[in-house]
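Student: Dumping the structure here so I can ask a few things about it.
Protein chains in written order, with my numbering: chain P, 61 to 211; chain V, 386 to 556.
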């Protein structure tokens, strides 16, 4: 697992809304990615993120949803509002059961790309959010978890 | 099938992206634009993105591609109306759009292109100018529509009022 320093662990207690599950499948990707953006925007507004932070979170989710589709062959996003006692935040977890990423360190290197993209998906999204953790096993799949906190 | 409309204005082409772009729509826009540039001999392309709430790397890449494509066909591309939150996000995302010039508003975009491209009205595509502001009404109407959602200065026109009933500013 590679994460931002100081990021809370996935198992840590947080209270908030019940998670919503949203499939991201290859079929009608258009509708799916758009739906992801709408859902993320709605929860970002509900968590009282500023307009700029909403925009960053929605953009990060859009990049990650596209990764899930293009590289993971489809998957799902779980999203909820979290509360660490001081602030609200939006947490989104993208999961696919695709080929996985053999070298996470390399994939998170600035400017690295597998060839078909611009290499912004992971590194770019990581810069847009407050917490970023990724788990990936070749042959099993990839899970990316991001959180954006209200200021 | 959905298409993004391309408006001809003098020797410019105007594209206002109002919907969520997806792969096919983006590819169609590239095809349509390149055909229209060649067919009309347009020297400039103005792309209005003021309605876009986000620009991710997919949309950014499409804008870059359009700019490169247009340049090969001897037309300059200017992207106008980017929202501040979108600009901040793009910088943090690390997305640079090579070859894409930007302007805050449609008017500034026109000025930018006007420096290199003379916006002229030829006889065959004459547009009425009954509001007497010296600009083709099509432009005034468009500017008013822009002003209607906070995209441009209301001063852009004699045609105020025509934008009414449109959207209210949602920024």
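Don't be surprised by glycine CBs; every beta carbon is placed ideally from N, CA and C.
Bear in mind that the values here come from a model prediction, so they are computed numbers and not experimental data.
Less than 8 Å between the CB atoms is what I'm expecting for residue 185 of chain P and residue 123 of chain P, so what's the real figure, rounded?
Tutor: Sure, about 5 Å apart at Cβ, within 8 Å.
Student: So is residue 460 of chain V buried or exposed if we call it buried at 16+ other beta carbons inside 10 Å?
Tutor: With 16 or more Cβ atoms within 10 Å of its Cβ, residue 460 of chain V is classed as buried.
Student: Within this structure, are the beta carbons of residue 148 of chain P and residue 141 of chain P separated by less than 8 Å?
Tutor: Yes, these two residues count as a Cβ contact at 8 Å.
Student: So, does the segment 431 to 439 of chain V touch the segment 193 to 207 of chain P, judging by three or more C-beta pairs under 8 Å?
Tutor: Counting Cβ pairs under 8 Å, fewer than three are found: no touch.
Student: Hey, out of P/113, P/143, P/128, P/207, whose CA is closest to residue 92 of chain P's CA?
Tutor: The candidate whose alpha carbon is nearest that of residue 92 of chain P is P/128.
Student: Which residues bound the beta strand (DSSP E) around residue 391 of chain V?
Tutor: Here the beta strand (DSSP E) through residue 391 of chain V covers 391 to 394.
Student: CA-CA distance, residue 112 of chain P and residue 206 of chain P?
Tutor: The alpha-carbon atoms of residue 112 of chain P and residue 206 of chain P are separated by roughly 16 Å.
Student: Per DSSP, what kind of secondary structure is residue 469 of chain V in: helix, strand or coil?
Tutor: If DSSP states are grouped into helix, strand and coil, residue 469 of chain V belongs with the helices.
Student: Restricting to runs no shorter than 4 residues, where is the alpha helix (DSSP H) found entirely within the segment 127 to 190 of chain P?
Tutor: Segments of the alpha helix (DSSP H) lying fully in the segment 127 to 190 of chain P: 164 to 167, 181 to 188.
Student: If residue 600 of chain V and residue 187 of chain P are in contact, beta carbons under 8 Å, what's the gap, nearest whole angstrom?
Tutor: One cannot answer for residue 600 of chain V here, as it falls past the ends of chain V, which runs 386 to 556.
Student: How would you call residue 97 of chain P, buried or exposed, if buried means at least 16 neighbouring beta carbons within 10 angstroms?
Tutor: Looking at its Cβ environment, which holds 16 or more other Cβ atoms inside 10 Å, residue 97 of chain P is buried.
Student: Spatial neighbours of residue 104 of chain P within its chain, please: C-beta separation below 8 Å, excluding the five flanking residues on both sides.
Tutor: Within the same chain, residue 104 of chain P has close Cβ partners 113, 114, 117, 118, 150, 208.
Student: Does the beta-carbon of residue 388 of chain V have 16 or more other beta-carbons within 10 angstroms, so that it is buried, or is it exposed?
Tutor: Exposed, because fewer than 16 other Cβ atoms sit within 10 Å of the Cβ of residue 388 of chain V.
Student: Am I right that residue 126 of chain P and residue 181 of chain P are in contact with their C-beta atoms under 8 Å? What's the rounded C-beta distance?
Tutor: About 7 Å separates the two Cβ atoms, so the contact holds.
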